[in-house]
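**Student:**
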Amino acid sequence: MSLPNAILRLTTDVLADINDDERLAFAYAHGPALSGFGEDAELVCVWETDAVPDEASAEATNLTVARFQSLLETLENGEGWREPGDEPLRVISRFAEGILLADDSELGSRARAEVTEFPQALADAARDAVAAESEAIAKRLSDTEDPWELAETLTSGLHRAYVAFFAAAGHFFPGREHRAASVERYLLEAEVLEAETAVWAAAAIMHPERAERLPEAWRDFTRTVLDNC
64 MSLPNAILRL TTDVLADIND DERLAFAYAH GPALSGFGED AELVCVWETD
114 AVPDEASAEA TNLTVARFQS LLETLENGEG WREPGDEPLR VISRFAEGIL
164 LADDSELGSR ARAEVTEFPQ ALADAARDAV AAESEAIAKR LSDTEDPWEL
214 AETLTSGLHR AYVAFFAAAG HFFPGREHRA ASVERYLLEA EVLEAETAVW
264 AAAAIMHPER AERLPEAWRD FTRTVLDNC
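For the sequence shown, the working numbering begins at 64 and goes up steadily by one.
Shown next as structure tokens:
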């Protein structure tokens with residue numbers, strides 16, 4: 064199977080210049096070009112050095128082996144996933160969906176073998192968090208009239224719920240942008256998406272009616288998620 068053009072460009076225009084550097088442990092690409100969501104791709108270079116070399120390409124994201132392994136271990140211990148911007152989930156989920164382009168050290172292959180077996184501690188922690196915080200979030204959604212607080216509460220709560228939903232099926236949550244397409248891709252239950260739509264519909268209602276309808280929509284959503292975990 065031929066690689067997408069975006070990956071070929073990274074291989075020939077960026078990676079070719081550094082592939083012979085013995086300090087490069089492995090390199091991988093990820094992005095919409097691989098998953099079918101678009102044409103873009105990103106190169107990540109992982110260096111077997113104490114710090115990223117000064118010569119590392121600015122066209123790539125650069126990490127040390129120690130940093131990469133630390134992020135992987137964090138997820139395996141059931142941490143590093145709770146907020147949308149958490150680095151461990153963001154980096155490792157993209158690695159799991161990516162493609163190795165260089166791996167003379169074989170460290171990349173070993174890491175791929177690790178992520179093939181989804182970390183049960185992460186799945187358990189995410190499911191438990193959704194169950195434990197459902198009622199507290201419902202109360203915050205009922206009490207607040209501040210649209211920013213409302214949006215922040217929904218965004219972080221939905222993120223954790225989707226992490227649990229995907230984890231139960233053995234997948235890292237790819238992020239909010241492609242959640243619907245990923246649900247279809249992995250043949251997950253679309254009723255979770257429908258329940259989320261109901262949450263946003265209730266959030267759009269003007270206060271004070273929203274204070275009654277939104278918490279119930281949230282409880283329905285979390286029940287749907289937990290039923291599929």
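Quick reminder that beta carbons are idealized off the backbone N, C-alpha and C, glycines included.
Could you check what DSSP says for I268 in three-state terms: helix, strand or coil?
**Tutor:** coil
**Student:** Report the CB separation of E150 from L134 in whole angstroms; it is logged as a contact under 8 Å.
**Tutor:** 6 Å
**Student:** Please name the residue, chosen from P271, V255 and R276, that lies closest to A264 on a Cα-to-Cα basis.
**Tutor:** R276
**Student:** Is it the case that the Cβ atoms of L73 and L106 are separated by a distance below 8 Å?
**Tutor:** yes
**Student:** Going by DSSP in three states, E235 sits in which element: helix, strand or coil?
**Tutor:** The identity of residue 235 in the sequence shown is Phe, whereas the question assumes Glu. F235: coil per DSSP, three-state reduction.
**Student:** If I follow the unbroken alpha helix (DSSP H) through I81, where does it start and stop?
**Tutor:** Where I81 is concerned, there is no enclosing alpha helix (DSSP H), given that its DSSP letter is neither H nor E.
**Student:** DSSP on N291, reduced to helix/strand/coil?
**Tutor:** For N291, the secondary structure class from DSSP, reduced to helix, strand or coil, is coil.
**Student:** Please list the terminal residues of the continuous beta strand (DSSP E) segment that includes F89.
**Tutor:** L87 to H93
**Student:** Can you tell me which of A258, A267 and L256 puts its alpha carbon nearest to the alpha carbon of D209?
**Tutor:** A267
**Student:** Please work out which residues of its chain come closer than 6 Å, Cβ to Cβ, to E215, disregarding the five sequence neighbours upstream and downstream, and give them in chain order.
**Tutor:** none
**Student:** Check each candidate in S156, E198, V262 and G148 and name the one with the smallest Cα separation from A230.
**Tutor:** Cα-wise, what sits closest to A230 is S156.
**Student:** Taking contact to mean 3 or more Cβ pairs, one atom from each stretch, closer than 8 Å, check whether the segment 121 to 134 and the segment 194 to 205 are in contact.
**Tutor:** no
**Student:** Buried or exposed: where does W110 fall if 16 or more other Cβ atoms within 10 Å of its Cβ makes it buried?
**Tutor:** Residue burial is scored here from C-beta neighbours: W110 has at least 16 other C-beta atoms within 10 angstroms and is therefore classed as buried.
**Student:** Counting C-beta neighbours from all protein chains within 10 Å, is the total for L250 16 or more, i.e. buried, or is it exposed?
**Tutor:** exposed
**Student:** Suppose the cutoff is 7 Å on Cβ atoms and the five residues either side in sequence are ignored; what does the same chain contact list for R153 look like?
**Tutor:** Same-chain partners within the cutoff: there are none.
**Student:** Would you kindly report the start and end of the unbroken beta strand (DSSP E) that includes T137?
**Tutor:** Where T137 is concerned, there is no enclosing beta strand (DSSP E), although the alpha helix (DSSP H) it sits in stretches over V128 to E139.
**Student:** What number of angstroms, rounded off, separates the C-alpha of P95 from the C-alpha of T260?
**Tutor:** If you take the alpha carbons of P95 and T260, they lie about 24 Å apart.
**Student:** Where does H270 land, buried or exposed, given buried means 16+ other C-beta within 10 angstroms?
**Tutor:** Sixteen is the threshold: since fewer than 16 other Cβ atoms of the shown chains lie within 10 Å of the Cβ of H270, the residue is exposed.
**Student:** If you check the beta carbons only, do T207 and V255 fall under 8 Å apart?
**Tutor:** No, Cβ-Cβ distance for T207 and V255 is not below 8 Å.
**Student:** Should T137 be labelled buried (16 or more other beta-carbon atoms within 10 Å of its own) or exposed?
**Tutor:** buried
**Student:** Using the Cα positions of N82 and L163, report the straight-line distance between them to the nearest angstrom.
**Tutor:** Rounded to whole angstroms, the gap between the alpha carbons of N82 and L163 is 12 Å.
**Student:** How many whole angstroms separate the CB atoms of G45 and L78, which I take to be in contact at a CB cut-off of 8 Å?
**Tutor:** Look at the range of the chain in this structure, 64 to 292, and you will see that residue 45 is not part of it.
**Student:** Taking the CB atoms as reference points, tell me whether A189 and W144 lie closer together than 8 Å.
**Tutor:** yes
**Student:** Cβ atoms of A243 and V193: under 8 Å apart, would you say?
**Tutor:** no
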